[in-house]
Amino acid sequence: LKSILKDPSLLATKAFVAGEWVDADDGSTFEVTNPARGDVICTVPDLGRAETARAIEAARVAMKDWAARTGKERAAVLRKWFDLMMENQDDLGAILTAEMGKPLAEAKGEIAYGAGFIEWFGEEAKRVYGETIPGHQRDKRITVIKQPIGVAASITPWNFPNAMIARKAGPALAVGCGFVCRPASETPLSALAMAVLGERAGLPKGILSVITSAKASDIGKEFCENHTVRKLTFTGSTEVGRILLRQAADQVMKCSMELGGNAPFIVFDDADLDAAVEGAMASKFRNNGQTCVCANRIYVQAGVYDAFAEKLAKAVAALKVGDGLDEGTEAGPLINEDAVEKVQEHIKDVLDRGGAVITGGERHEMGGTFFKPTVLTGVTQDAKVSTEETFGPVAPLFKFETEEEVIEKANATIFGLASYFYARDIGRITRVQEGLEYGIVGVNTGIISTEVAPFGGVKQSGLGREGSHHGIEDYLEMKYICLSV
Ligand code: ADP
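Residue numbers (UniProt numbering): 8 to 492.
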């Protein structure tokens with residue numbers, strides 16, 4: 008990997024704690040592998056609670072000066088960090104693809120997307136406005152100011168090794184918080200490369216730490232039990248989110264949770280079918296189906312079901328599967344063997360209930376964790392895909408008759424993150440977008456992620472929003488000041 012980087016120093020293999028590049032106290036390490044080739048890229052330090060506590064303390068100390076700076080001063084550093092990420096987009100993309108597997112074009116897209124959060128929140132640093140409220144008595148003057156909440160700790164998954172951290176680091180650092188992150192153990196290298204650039208951009212020593220560790224639950228406990236941490240921000244499964252919420256309860260810690268989804272993607276009779284196929288491809292097969300906003304259930308109205316299935320299967324069969332670093336690859340490997348097994352289990356379950364595979368359905372000839380992009384028809388509401396997130400390249404097609412019926416089915420899940428539908432009738436569009444119990448609705452589009460909009464879920468998909476001017480609030484406390492004159 009080093010040999011293909013323009014700037015090999017971006018491939019950092021030590022942890023970044025309190026402004027120093029360090030090994031674990033006990034010298035232990037873990038391996039980072041390339042899921043497309045199965046080989047070991049490098050090892051990184053396997054940190055524990057003691058190093059994490061040091062990072063948290065350094066963040067607290069560094070915050071004093073950082074939070075005292077003007078928004079414009081912090082914005083200048085974040086702008087520089089954004090610029091450096093964009094200047095090094097090719098290298099950051101290659102590191103990301105090597106450790107995670109997504110095609111290089113998608114990885115570079117993720118770098119731009121992640122950097123966008125740093126840029127956006129840097130700009131927002133200047134707009135953390137307070138409020139004045141007319142007093143309740145003649146001598147009273149009421150003002151509300153907003154202040155950084157304190158040290159923020161983050162835990163993120165492997166599917167967006169850069170952007171999931173950038174979404175959290177951006178607002179935290181913009182408002183003046185210290186930030187300690189623990190990237191997924193599958194993908195620590197993208198986080199470390201971000202830290203290399205953050206240091207170059209002039210982030211003060213200790214304000215940002217990257218805890219590489221294979222001991223996720225230990226780090227989670229330190230984050231939740233250390234009294235200096237005032238904010239926990241997590242992206243991952245609903246299952247782990249529940250554990251962290253329980254742990255954080257002891258300190259009544261403010262939590263942001265971006266959890267699982269089970270996105271419905273609805274195609275109505277009046278939809279532009281070619282556009283719907285294009286949207287379904289983007290929504291379902293982006294990152295090889297490994298995102299929390301990927302379509303998990305595709306509902307197609309009876310009148311267009313066969314035509315849609317045929318068009319979608321054709322597009323899916325044409326996807327070029329391969330090593331993400333090879334030119335033209337559109338779908339990489341799955342992250343690991345467990346992911347392949349889950350995909351196989353969901354397919355088998357659909358077949359056992361009378362469904363059919365119309366393309367794909369099995370492992371790819373490339374071996375390893377490569378899987379053929381798949382389309383299933385005749386899927387029923389009792390199938391596992393209706394309640395569990397597949398997190399893989401499987402498009403299950405459900406048939407429905409009426410608008411009312413499909414809204415009810417689409418909402419019949421504990422999740423409420425992203426949803427999508429294709430239709431042209433304006434009355435229907437209005438009714439359906441209002442009826443879907445989801446934090447995000449894509450209407451006639453399969454791509455909804457942007458730093459300028461509030462991303463987040465309802466129900467068991469999460470708490471809080473990331474992105475947009477709303478996203479900064481999660482890192483702020485408000486203080487009401489009552490002055491008697
Ligand atoms: P995914 O299936 O996307 O990896 P998880 O929720 O299992 O979703 O993991 C998301 C992140 O949370 C990963 O970085 C993982 O290492 C971490 N994690 C898993 N279990 C715990 C835990 N008990 N405490 C803290 N972090 C955890």
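Here a beta-carbon is modelled for each residue, glycine too, at the ideal position from N, C-alpha and C.
It should be emphasised that the depicted structure is a prediction, and the values quoted were computed from it without experimental measurement.
As assigned by DSSP and simplified to three states, the class of residue 221: Your numbering for residue 221 matches position 214 in the sequence shown. Reduced to three states, the DSSP call for residue 221 is coil.
For residue 425, which residues does DSSP report across the bridge? By 1-based counting over the sequence shown, the position of residue 425 is 418. Answer by DSSP bridge pairing, in chain order: 447.
DSSP on residue 144, reduced to helix/strand/coil? Looking up residue 144 in the sequence shown gives position 137. Note: residue 144 maps to coil in three-state DSSP.
Distance between beta carbons of residue 97 and residue 115, contact taken as under 8 Å: Within the sequence shown, the letter at position 108 stands for residue 115. Within the sequence shown, the letter at position 90 stands for residue 97. At roughly 7 Å, the Cβ-Cβ gap stays under 8 Å, so residue 115 and residue 97 are in contact.
Are the region 193 to 201 and the region 11 to 19 touching, with three or more C-beta to C-beta distances below 8 Å? By the criterion of at least three beta-carbon pairs nearer than 8 Å, the region 193 to 201 is in contact with the region 11 to 19.
What is the DSSP secondary structure of residue 318, counted as helix, strand or coil? Against the sequence shown, residue 318 aligns to sequence position 311. Residue state, collapsed to three classes: helix.
Taking all protein chains shown into account, decide if residue 490 is buried (16 or more other Cβ within 10 angstroms of its Cβ) or exposed. Within the sequence shown, numbered from 1, the residue matching residue 490 stands at position 483. Residue 490 comes out exposed.
Span of the beta strand (DSSP E) holding residue 198? Here residue 198 refers to the residue found at position 191 when the sequence shown is read from its first residue. First-last for residue 198: 195 to 208, but that is the alpha helix (DSSP H), not the beta strand (DSSP E).
Go ahead and label residue 481 buried or exposed: buried means 16 or more other beta carbons lie within 10 angstroms of its beta carbon, across all protein chains shown. Here residue 481 refers to the residue found at position 474 when the sequence shown is read from its first residue. Using a 10 angstroms sphere on the CB of residue 481, the tally of other CB atoms reaches 16 or more, which defines it as buried.
I think residue 8 touches residue 105, with their Cβ atoms under 8 Å apart; what is that distance to the nearest whole Å? Position 1 of the sequence shown, counting from 1, holds the residue named residue 8. Position 98 of the sequence shown, counting from 1, holds the residue named residue 105. Taking 8 Å as the upper bound for CB-CB distance, residue 8 and residue 105 are in contact here, some 5 Å apart.
Give me the Cα-Cα distance between residue 322 and residue 256, rounded to the nearest whole angstrom. Within the sequence shown, residue 322 is the residue found at index 315, counting from 1. Within the sequence shown, residue 256 is the residue found at index 249, counting from 1. Approximately 47 Å between the Cα atoms of the pair.
For residue 28, which of helix, strand or coil comes out of DSSP? As a first step, residue 28 is located in the sequence shown; it is residue number 21 there, counting from the start. Reduced to three states, the DSSP call for residue 28 is strand.
Am I right that residue 376 and residue 344 are in contact with their C-beta atoms under 8 Å? What's the rounded C-beta distance? For this step, residue 376 is matched to residue 369 along the sequence shown. For this step, residue 344 is matched to residue 337 along the sequence shown. Rounded, the Cβ-Cβ distance is 6 Å, consistent with contact.
When you compare only the Cα positions, how much space is there between residue 360 and residue 385? Position 353 of the sequence shown, counting from 1, holds the residue named residue 360. Position 378 of the sequence shown, counting from 1, holds the residue named residue 385. If you take the alpha carbons of residue 360 and residue 385, they lie about 9 Å apart.
Residue from 358, 59 and 83 with nearest C-alpha to residue 229: In the sequence shown, residue 229 corresponds to position 222, counting from 1. Among 358, 59 and 83, the Cα nearest to that of residue 229 is on 59.
Label residue 467 either buried or exposed according to how many other C-beta atoms from any shown protein chain fall within 10 Å of its C-beta, with 16 as the threshold for buried. The residue labelled residue 467 in the question sits at position 460 within the sequence shown. Burial call: buried.
Residue 371: buried (16+ other C-beta within 10 angstroms of its C-beta) or exposed? Sequence index remark: in the sequence shown, residue 371 carries index 364 (1-based). Buried.
With distance defined between alpha-carbon atoms, name the residue in 41, 47 and 162 nearest to residue 252. Start at 1 with the first residue of the sequence shown, and residue 252 comes out as number 245. Per the Cα distances, 162.
Apply the 10 Å Cβ neighbour rule to residue 136 and answer buried if 16 or more other Cβ atoms are within range, or exposed otherwise. Residue mapping note: residue 136 aligns to position 129 of the sequence shown, counting from 1. The residue in question, residue 136, is exposed, as its Cβ has fewer than 16 Cβ neighbours within 10 Å.
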